[in-house]
Amino acid sequence: MASFDVIVIGAGPGGYVCAIRCAQLGLKVACVEGRETLGGTCLNIGCIPSKALLNATHHLHEAEHNFAKMGLKGKSPSVDWPQMQAYKQDVVDGNTKGIEFLFKKNKVTWLKGWGSIPEAGKVKVGDEVHEAKSIVIATGSEPASLPGVEVDEQTVVTSTGALSLGKIPKSLVVIGAGVIGLEMGSVYARLGTKVTVVEYLDAITPGMDAEVAKAFQKMLVKQGFEFIMGAAVQKVDVAKGKATVTYKLRKDDSEATLEADTVLLATGRKPYTAGLGLEALGVEMLPRGMVKIDDHFQTNVKGIYAIGDAVPGPMLAHKAEDEGMAAAEVLAGKHGHVNYAVIPGVIYTSPEVASVGQTEEQLKEAGRAYKVGKFPFMGNARAKAVFMGEGFVKILADKDTDRVLGCHIIGPAAGDLIHEICVAMEFGASAQDVALTCHAHPTFSEAVREAALACGDGAIHA
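Take a look at the structure:
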């Protein structure tokens, strides 16, 4: 039996970051992971491989639609799907091996296998039981299921199967208009697949600022997406390698069907805590399978902590990382903290969509007096030069104090641009503070400054 200060169960973004941070703070640490590689869902079958495919297909789109405009003439590239899959795997391997290197560098012990907690202070991996003063549950999440939809990861797939289809489908039905569905839909739409999205609600990307969501949907339609909104999927039947999706429209209860080569079930994710033994331990759970924690990430059972997708909050890798670092600080006797009001969200389509803070709808609901500063990328010289003038930056600020309350961007490099506003919000900055900061020209980031100027006397280039 080995003894540790901390055992972290799960080596995804939350778990591996927590383990490394604990080690940096002088604790003896082990991390339990049953996969053959570290990095969890994110690095193996989530964020990283999907970004590789998005990158590859974005270049294909540029070659097909924009190269000739720039004087780059020639035959458009043909798609070698096995090679694209190999490229994706190379990206994954490089990242997962990087985590393994960081574990060795920081002297984190990798306990290979699936973990359970037979009692507080003990973690069982395989036939071995290890002791720990503190245990951190970082077991992540898994795709949510839907009644009447049986996943086989060949014809009816989750995001996992969608990343590794045997061939490019001619038609794809995506159930759910959230981040995962739209990103994977984008990959295949660029590869020539007819993509139809079936969404239960009346708007895509639930929780997003409504103005941005509306503009985003219009842009996706221009890219070839079809949307069936307000539709409840009843079942998916598979016969002879084809799928038939039956759905019912909420407005009139009429039923219809769609045929497709592949169906992607993308209706969100749910916490994955199976096999840990939490019920027997008496660990308090919340509805929808989340682990209940206090302000210090501790469960009701002393010495057992939880972070990431297993606990409440947005299911985002960077939220899990922040919680991993904060939990490590707590375990080392310091003060860990996560500012949940400043956690950005990004959709890596083209254009990208990014947001932080409150939406206009949330501010209205709260009765908060606010002002809006908007600037279109069509007024940004750099964006126009690279055929990415669609979209806008929208900053929401307090009407009286000018303090930045939120920001929503749809346009080029939105996922990078949003962090200027994250820093501004972290320091309690005003829109004027952003507006008075010199921005290099020509850059996409000038659009953020112009939106901040629009919160005051007005933008210069609009």
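All residue numbers for the sequence shown refer to my numbering, where the first residue is 22 and numbers rise by one. Glycine is no exception: its CB is placed at the ideal position from the N, C-alpha and C atoms.
Taking the C-alpha atoms as reference points, what is the distance between residue i and residue j?
i    : j    : result
H462 : A404 : 12 Å
A387 : G47  : 44 Å
Q383 : K188 : 43 Å
I249 : H82  : 25 Å
Y391 : M446 : 15 Å
I66  : K272 : 36 Å
T485 : W131 : With the chain represented from 22 up to 483, any question about residue 485 goes unanswered, as that position is not in the structure.
V150 : Y221 : 46 Å
F122 : L474 : 46 Å
G197 : A23  : 45 Å
S99  : L64  : 28 Å
I328 : L307 : 14 Å
R56  : W135 : 8 Å
H80  : Q104 : 15 Å
A402 : R211 : 26 Å
T217 : D315 : 42 Å
G147 : P139 : 12 Å
K323 : Y361 : 24 Å
S137 : A153 : 13 Å
V312 : L302 : 12 Å
K355 : T214 : 52 Å
K118 : V38  : 15 Å
W102 : K96  : 18 Å
P397 : K125 : 47 Å
A176 : A44  : Note on residue identity: the sequence assigns Thr, not Ala, to residue 176. About 44 Å.
K269 : G36  : 41 Å
A224 : A331 : 27 Å
L186 : F413 : 34 Å
E411 : K385 : 27 Å
Leaving out the 5 sequence neighbours to the left and right, which residues in its chain are closer than 6 Å to residue i when beta-carbon positions are compared?
i    : result
N507 : Summary: the structure shown does not reach residue 507, with the chain confined to residues 22 through 483, and so no result is reported for it.
V444 : none
V351 : H317 and G357
E441 : V469
Q379 : L426 and G427
P70  : K109, V113 and L184
V367 : A375 and G436
E54  : A32
G245 : A210
V200 : I368
N87  : F408
K420 : A390, Y391 and K392
S207 : T370
A84  : S97 and P98
On the DSSP bridge assignment, give the partners of residue i in chain order.
i    : result
L279 : V266
S207 : Partner(s): none; S207 has no beta bridge.
Q319 : Y326
T130 : A51
Y391 : D419
I156 : I28 and I325
G366 : S376
R309 : None, per the DSSP bridge assignment.
D258 : T265
K145 : S137 and V150
Excluding five sequence neighbours on each side, which residues of the same chain lie with their C-beta closer than 8 Å to the C-beta of residue i?
i    : result
E232 : E381, K415 and H429
R309 : K291 and P292
V172 : P164, S166, V178, T179, G182 and L286
V455 : I416, V425, E441, I442, A445, V469, R470 and A473
A406 : P463
Q453 : D423, A473, C476 and G477
D343 : V359 and I364
G251 : E220, Y221, L222, D223, L270, R271 and K272
Throw me the rounded Cβ distance for the residue i and residue j pair, which I believe falls under 8 Å.
i    : j    : result
I491 : V129 : Only positions 22 to 483 of the chain appear in the structure, and residue 491 is not among them; the question remains open.
T267 : T283 : Wrong, their Cβ atoms sit about 16 Å apart, outside the cutoff.
E247 : T265 : Rounded, the Cβ-Cβ distance is 17 Å, inconsistent with contact.
G394 : A418 : 7 Å
A348 : Y326 : 6 Å
V219 : V194 : 6 Å
Grab me the residues of residue i's own chain with a C-beta within less than 7 Å of its C-beta, minus the 5 sequence neighbours each way, in chain order.
i    : result
Y108 : A73 and A77
H460 : S466, E467 and R470
K263 : E280 and D282
N116 : G60, L64 and I69
I28  : A51, V53, V144, H151, A153 and I156
L75  : E204, S207, V208 and Y369
A450 : V425
Less than 7 Å between the CB of residue i and some heavy atom of the ligand ADP, yes or no?
i    : result
A301 : Within the structure as shown, the ligand ADP is missing, as the structure has no ligands at all.
Three or more beta-carbon pairs under 8 Å between the segment 336–349 and the segment 293–311, yes or no? no
Give a yes or no on contact between the segment 85–98 and the segment 54–61, applying the rule of three or more CB pairs nearer than 8 Å. no
With three or more beta-carbon pairs closer than 8 Å as the criterion, would you say the segment 148–162 touches the segment 179–190? no
Is it the case that the segment 256–264 contacts the segment 221–237, given that we only count it when at least three CB pairs across the two stretches are under 8 Å? no
Check whether the segment 431–439 and the segment 364–371 are in contact - that is, three or more C-beta pairs closer than 8 Å. yes
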